[in-house]
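Mapping to UniProt numbering: the sequence shown position 58 is 58, numbers consecutive.
From the three backbone atoms N, C-alpha and C, an ideal C-beta is built for every residue, glycine too.
Please read all numbers here as calculations on a predicted model, not as lab measurements.
Below: one structure, written as structure tokens.
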Amino acid sequence: MKKTALKVLQASFIMGCLVIVMGCKKSPLNSATSENVSVNNPVKGTNAVTTTSSDPTYQRIFVGGTGGYHSYRIPSIIKTTAGTLIAFAEGRVSSNEDYGNIDIVFKRSTDNGATWGSMGVAVGTGTSTFAQGTCGNPTAVVDQSNGKIWLFMSWNDFGKNQNGDDGKTKIGVGDRPVYMLYSTNDGVSWSTPVNMTATLQPAGTAFDAMGPGIGIQTTINNAGRLIIPATSRNIYSDDHGDTWSYASTPGGTSESTIVELANGSFYRNDRPTLSNWNAHKRRWISTGQSLTSFAPFTFADDSLLDPRMEGSMLRYNLSEPKRILFLNSASTVTRLNMRIRISYDEGQSWQISRRVYDYLTTTQEHDQGKGGYSSMVKTADLRIGALIENNDAVGDDTGHQSIEFVKFGLAWVINGQTEP
1 MKKTALKVLQ ASFIMGCLVI VMGCKKSPLN SATSENVSVN NPVKGTNAVT TTSSDPTYQR
61 IFVGGTGGYH SYRIPSIIKT TAGTLIAFAE GRVSSNEDYG NIDIVFKRST DNGATWGSMG
121 VAVGTGTSTF AQGTCGNPTA VVDQSNGKIW LFMSWNDFGK NQNGDDGKTK IGVGDRPVYM
181 LYSTNDGVSW STPVNMTATL QPAGTAFDAM GPGIGIQTTI NNAGRLIIPA TSRNIYSDDH
241 GDTWSYASTP GGTSESTIVE LANGSFYRND RPTLSNWNAH KRRWISTGQS LTSFAPFTFA
301 DDSLLDPRME GSMLRYNLSE PKRILFLNSA STVTRLNMRI RISYDEGQSW QISRRVYDYL
361 TTTQEHDQGK GGYSSMVKTA DLRIGALIEN NDAVGDDTGH QSIEFVKFGL AWVINGQTEP
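Below you can see the structure in the form of structure tokens.
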């Protein structure tokens, strides 16, 4: 049984650091002074740009059909204050479907993602907390002040799912609670999950989703605030996780991402709901001067194609030139065609982009199932690390799904172009 190999709170794992590389404004990237900038808590200053002959690298770290799980999906990745990378995923026991028995598993890397330790279970079924059911949508954030790692998730019973199909009952009001857990030892072990639904889920909510992906910690207004994006709201704490609240956002989206802008306001880049996607087939955007003042979501950027799927976003740096990264399947017809983009104007436009799998033709990329949900991190060696879903059997709804760790430098993304 898989639980004999994967025991909660009993693993010592190695995590990798993703490296991002940065360059001088208005010139192709060259080396500069080095700076260790955290994903969740970037700081202003000069950034370094590095390139290597092996840029980028590709490494499957969660392989479907191994470790006691049929498939791995829905990635999240963070860098701890110790520089450790922690990669989370849903470990789907019997199928690749969004329902049934699903655990949240993790691996750690202490060498910037070059190698990864054995897999552990952060929270799972067959335990005193969850005898069975779906533990999903892992969304993690690191408190830079004390190193504490917070992990949020959604849960529902084994016999229920979002649509009420495949012999399951449709999730109703109160059937999809919010849970929270944490680690105080660099992700080696995890606390018992706590049900936070009463304070963190709006009344009348049926299907609900954390993130998925990563949260942020603010550095400008209300510095130190922890924020977890979620459906129709942002969950936050101003006291390092002692208490949590939420601020509502306009509707019309589901799976969500957030960054803090240079002026202290916020930018959400979300998956549109079905009706909005059918009309526009684009990512939906909203900005807010505070967590309580988000504007209605719109398809503000016509270039951000979307196949109605999750995307990932990352503040790379606040020093000039300011950079925000966005990664998704840049298509309206397929969950492939993964493209990494850079914005130099705080998300108003995305001036530079590159296909993540450009060593493959688009046909090869499709045939190999290279694409899906993603999550990004900035590694201690100033590179970008991305977890990206891979479908091992394209066109087969029952095929195994895996997650690949892709690591590349910012210079590779820019590819000799001049930054604005």
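Contact check, S76 vs I220, beta carbons under 8 Å: no
Pick from G172, S329 and N137 that is closest to T231, judged by C-alpha positions: N137
Other residues of its chain near A300: CB distance less than 7 Å, five sequence neighbours each side excluded: I285
Range of the contiguous beta strand (DSSP E) that encloses E389: I384 to N391
Completely contained alpha helix (DSSP H) runs for the region 264-301, where each covers 4 or more residues: Listed in chain order, the complete alpha helix (DSSP H) runs (minimum 4 residues) inside the region 264-301 are 274-280.
Min CB distance T199 to chain D below 8 Å: Although the question refers to chain D, the structure presented lacks it and comprises just one protein chain.
Length of the line joining the Cα atoms of D143 and I403: 26 Å
Reduced DSSP category for L327 - H, G, I as helix; E, B as strand; rest coil: strand
Residue span of the alpha helix (DSSP H) that contains L360, given as start and end: Segment: none, L360 is in no alpha helix (DSSP H) and carries neither H nor E.
Cβ-Cβ separation, S118 to H240 (assumed contact under 8 Å), whole Å: With 8 Å as the limit, H240 and S118 do not qualify as a contact, their Cβ atoms being about 30 Å apart.
contact_flag[the region 394-413, the region 82-102] where n(CB pairs < 8 Å) is 3 or more: yes
Whole-Å CB distance - M210 paired with S154, under 8 Å assumed: 5 Å
I235 beta carbon less than 8 Å from that of L181: no
C-alpha distance - T127 paired with G288, whole-angstrom precision: 40 Å
Exposed unless 16 or more other CB atoms sit within 10 angstroms - verdict on T249: buried
Short Cβ contact (8 Å threshold) for R73 with E346: no
R233 versus Y58: straight-line alpha-carbon distance, rounded: 34 Å
Nearest candidate by alpha-carbon position, reference D208, set S329, F152, K168 and R315: The candidate whose alpha carbon is nearest that of D208 is F152.
Which residues DSSP lists as bridging residue 442, in chain order: Outside the shown range of the chain (1 to 420) lies residue 442, about which nothing can therefore be said.
Given S290 as reference, the closest of A279, T273 and I258 once Cα atoms are compared: I258
Member of E260, T169 and A122 whose CA lies at the smallest distance from the CA of R315: E260
Option in L360, M376, V377 and S375 with minimal Cα separation from G369: L360
T169, DSSP secondary structure in three states: strand
Pairwise C-alpha distance: G371 and D397: 15 Å
Opening and closing residue of the beta strand (DSSP E) in which I352 lies: I352 to R355
Endpoints, the beta strand (DSSP E) within which T199 is located: Element bounds for T199: not the beta strand (DSSP E) but the alpha helix (DSSP H), T197 to L200.
Best match in R268, T418, E310 and Q348 for proximity to S303 [C-alpha to C-alpha]: The candidate whose alpha carbon is nearest that of S303 is Q348.
Spatial distance of G133 from P202 (CA atoms): 22 Å
Collapsed DSSP secondary structure at W412 in the structure displayed: helix
Nearest candidate by alpha-carbon position, reference A122, set I102, L305, N263 and Y267: I102
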